[in-house]
Amino acid sequence: MRTALISLIETVPGGSALRGALPLANGQLAMLQVDLARQAGAGEILCLVGSVGERVRQIEAYAASCGVEFHLVRSVADISVRLASDDELLIIADGLYVAPEEIEPMARQSGTFVASFAPGDGARSLIERFERIDINHVWAGLACVRARDLVEARDLPEDWSVQSALLRLAVQRGYRRQVLPFALAEAGRIAIVRDGAEADALALQELAGSSGTMGARLVRMAPVQALARRAWAARWINPALRVSALALPLGAIGLAVADWSMTALALLIGGRAAGHAADRLFGRFAARTLPAAERAARDLAFAIAFIAVTVLTVAASDRLAGLFVSLILPAMALILGRISGPLPRLWVQLARSPSLVAVAAMLAVPFGVMLPALMLWNLILLTLMWWQTRPSPLASDPAKRHI
Numbered sequence: 006m007r008t009a010l011i012s013l014i015e016t017v018p019g020g021s022a023l024r025g026a027l028p029l030a031n032g033q034l035a036m037l038q039v040d041l042a043r044q045a046g047a048g049e050i051l052c053l054v055g056s057v058g059e060r061v062r063q064i065e066a067y068a069a070s071c072g073v074e075f076h077l078v079r080s081v082a083d084i085s086v087r088l089a090s091d092d093e094l095l096i097i098a099d100g101l102y103v104a105p106e107e108i109e110p111m112a113r114q115s116g117t118f119v120a121s122f123a124p125g126d127g128a129r130s131l132i133e134r135f136e137r138i139d140i141n142h143v144w145a146g147l148a149c150v151r152a153r154d155l156v157e158a159r160d161l162p163e164d165w166s167v168q169s170a171l172l173r174l175a176v177q178r179g180y181r182r183q184v185l186p187f188a189l190a191e192a193g194r195i196a197i198v199r200d201g202a203e204a205d206a207l208a209l210q211e212l213a214g215s216s217g218t219m220g221a222r223l224v225r226m227a228p229v230q231a232l233a234r235r236a237w238a239a240r241w242i243n244p245a246l247r248v249s250a251l252a253l254p255l256g257a258i259g260l261a262v263a264d265w266s267m268t269a270l271a272l273l274i275g276g277r278a279a280g281h282a283a284d285r286l287f288g289r290f291a292a293r294t295l296p297a298a299e300r301a302a303r304d305l306a307f308a309i310a311f312i313a314v315t316v317l318t319v320a321a322s323d324r325l326a327g328l329f330v331s332l333i334l335p336a337m338a339l340i341l342g343r344i345s346g347p348l349p350r351l352w353v354q355l356a357r358s359p360s361l362v363a364v365a366a367m368l369a370v371p372f373g374v375m376l377p378a379l380m381l382w383n384l385i386l387l388t389l390m391w392w393q394t395r396p397s398p399l400a401s402d403p404a405k406r407h408i
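Using the working numbering, you'd call the opening residue of the sequence shown number 6 and step up by one each time.
Here it is in structure tokens:
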């Protein structure tokens, strides 16, 4: 069995805040380490602590919500009594940050190993953040040792770092070195976080990376970054966005009944935007992502509301046609998303975006051409589906068999 060891002991330079408990998006840095431990196959997490406060209890509660056993330890002896001789202990450095796209590759490592960088002529200020293993390598913040080898570290003095001592033990035992590209550290995808400003910068970097090309440009703007920080700090923002993603589409139906079609479509767009904001801002940690059922309910609420608004907006004589068009449009968008082909992914995403469809419909309403606009959108989807499935021009016809 594999057990993970994290640490909530080291503090930020010149302060008393625990590095592992630094805020990261809508959670804490150590929550990321809990996710890493889970993906690496750890069924239990041991947490080194000097004292137990509210921050430590929050990490403990998060681990419990992930379904992982969580125990506080203070020494190698405390660690040893919880392990069988054939167990593995996954050591995660205090303050280790791993970007979402790098967690899965790092978690795939099996057996005993020491993850390291060979920085070469990399930036000295960056190299100094990582613990040096030898003249050519620094520790990348992850290692796995055999539980039976911990016997040698049981008499460790109390003022020594347990994780550093176990790292030295792994190096002396000659465990396999897993050398990672130092470019990961230079790009901030693997880091040892020293203070809150660095954790904040990494969280915003993540947000930009998950928001697409256009979204990333917005996230890099100071006002958007300030809004993101406030959203992460305010506990009511996440539930408010989640409720809005469901409530606004339903409210749009009532406005459409009252013949406020443009306002109804604006509410649909607002509900979709609220859902996207909830996904981007509050989807960082595994136990805090939105349930699949809630996402499905959100999509269903939008679809039902859009159909209702369309039918209520078009002329009475065209309502059957409006019903057909609004039903077939999401079906074609769904099929297009499942077809692989030569079209750029961005084109496909834009063509099947419910928000853009609602925007197009809202712009068409004042001119009385909502139904033709939706028909045109269906034609665009059909054209893109044909383009995705057409034979490649490089493919030659099979040679005819001669009799």
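All residues carry an ideal CB built from backbone N, CA and C; glycine is no exception.
Determine the contact status of residue i and residue j, defining contact as a CB-CB distance below 9 angstroms.
i, j, result
"ALA123", "VAL184", "yes"
"VAL330", "MET367", "no"
"LEU53", "LEU94", "no"
"LEU27", "VAL103", "no"
"ARG247", "ALA298", "no"
"ILE197", "ALA148", "no"
"SER166", "ALA145", "no"
"GLY100", "ARG234", "no"
"VAL73", "GLU49", "yes"
"VAL319", "LEU376", "yes"
"VAL119", "TYR67", "no"
"ARG87", "LEU41", "no"
"ASP139", "VAL176", "yes"
"ALA261", "ALA313", "yes"
"VAL150", "THR117", "yes"
"TRP392", "PRO347", "yes"
"LEU23", "ARG289", "no"
"ALA466", "LEU171", "With the chain covering 6 to 408 only, the question about residue 466 has no answer from this structure."
"LEU341", "LEU386", "yes"
"ALA221", "ALA231", "no"
"ASN243", "LEU286", "yes"
"THR394", "ILE333", "no"
"PRO3", "ALA308", "Residue numbering for the chain in the displayed model covers 6 to 408; residue 3 lies beyond these limits and cannot be assessed."
For residue i and residue j, what's the separation of their Cα atoms in angstroms?
i, j, result
"SER401", "TRP352", "Confidence at SER401 is low in this model, with a pLDDT of 48, below 50, so the placement of that residue is unreliable and no value is reported for it."
"SER266", "PRO254", "12 angstroms"
"LEU34", "GLN354", "32 angstroms"
"PRO359", "LEU317", "18 angstroms"
"ASP409", "ALA236", "Since the first residue shown for the chain is 6 and the last is 408, residue 409 is missing from the structure and cannot be characterised."
"LEU174", "GLY275", "56 angstroms"
"ALA89", "SER80", "17 angstroms"
"LEU384", "ALA378", "10 angstroms"
"ARG153", "CYS71", "28 angstroms"
"ALA310", "THR388", "26 angstroms"
"GLY20", "ALA263", "59 angstroms"
"THR268", "ALA257", "8 angstroms"
"SER115", "ASP92", "13 angstroms"
"PHE135", "ALA188", "14 angstroms"
"MET325", "LEU295", "Just to set this straight, residue 325 is Leu in the shown sequence, not Met. Computed Cα separation, rounded: 36 angstroms."
"ILE132", "ALA190", "9 angstroms"
"MET337", "ALA98", "48 angstroms"
"HIS76", "SER216", "36 angstroms"
"PRO228", "TRP241", "20 angstroms"
"PRO186", "GLU107", "12 angstroms"
"ALA204", "ALA69", "24 angstroms"
"GLU15", "GLY25", "8 angstroms"
"GLN210", "SER322", "52 angstroms"
How would you label residue i, buried or exposed, when you count the other beta carbons within 10 angstroms and need 16 or more for buried?
i, result
"ILE408", "In this predicted model, ILE408 has a pLDDT of only 47, less than 50, meaning its place in the structure is not dependable; the value taken from the coordinates is given anyway. Exposed, because fewer than 16 other Cβ atoms sit within 10 Å of the Cβ of ILE408."
"ASN141", "exposed"
"PHE372", "exposed"
"SER12", "buried"
"MET390", "buried"
"ILE65", "The sequence shown places Glu at residue 65, not Ile. So GLU65 counts as buried."
"ALA302", "exposed"
"ARG168", "The identity of residue 168 in the sequence shown is Gln, whereas the question assumes Arg. Per the 10 Å Cβ criterion, buried."
"MET111", "buried"
"ARG178", "exposed"
"ARG43", "buried"
"VAL315", "As written in the sequence, residue 315 is Thr, which differs from the Val given in the question. Burial call: buried."
"LEU272", "buried"
"LEU339", "exposed"
"MET226", "exposed"
"MET277", "The question names Met, but residue 277 in the sequence shown is Arg. So ARG277 counts as buried."
> Considering only residues of the stretch 94–127, which uninterrupted beta strand (DSSP E) runs meet the minimum length of 3 residues and lie entirely inside it, listed in chain order?
Replying inline: Runs of the beta strand (DSSP E) inside the stretch 94–127: 101–103, 118–122.
>> For the pair the stretch 270–290 and the stretch 230–250, tell me if three or more CB-CB distances fall below 8 angstroms.
In response: With a cut-off of 8 angstroms on Cβ pairs, the stretch 270–290 is in contact with the stretch 230–250, counting three or more such pairs.
>> I'd like the ranges of any alpha helix (DSSP H) spanning at least 4 consecutive residues and lying wholly in the stretch 266–347.
In response: Secondary structure in the stretch 266–347: the alpha helix (DSSP H) runs of 4 residues or longer, each lying completely within the stretch, are 266–287, 297–318, 324–342 in chain order.
> Fully enclosed by the stretch 175–210, which beta strand (DSSP E) runs are 3 residues long or longer?
Replying inline: With a minimum length of 3 residues, the unbroken runs of beta strand (DSSP E) contained wholly in the stretch 175–210 fall at 181–185, 195–197.
>> In chain order, what are the residue ranges of uninterrupted beta strand (DSSP E) at least 3 long that sit wholly in the stretch 351–398?
In response: For the beta strand (DSSP E) assignment, the stretch 351–398 encloses no uninterrupted run of at least 3 residues.
>> My parser needs the beta strand (DSSP E) runs of 3 or more residues fully inside the stretch 47–92; what are they?
In response: For the stretch 47–92, whole beta strand (DSSP E) runs of length 3 or above, ordered along the chain, are 47–54, 74–78.
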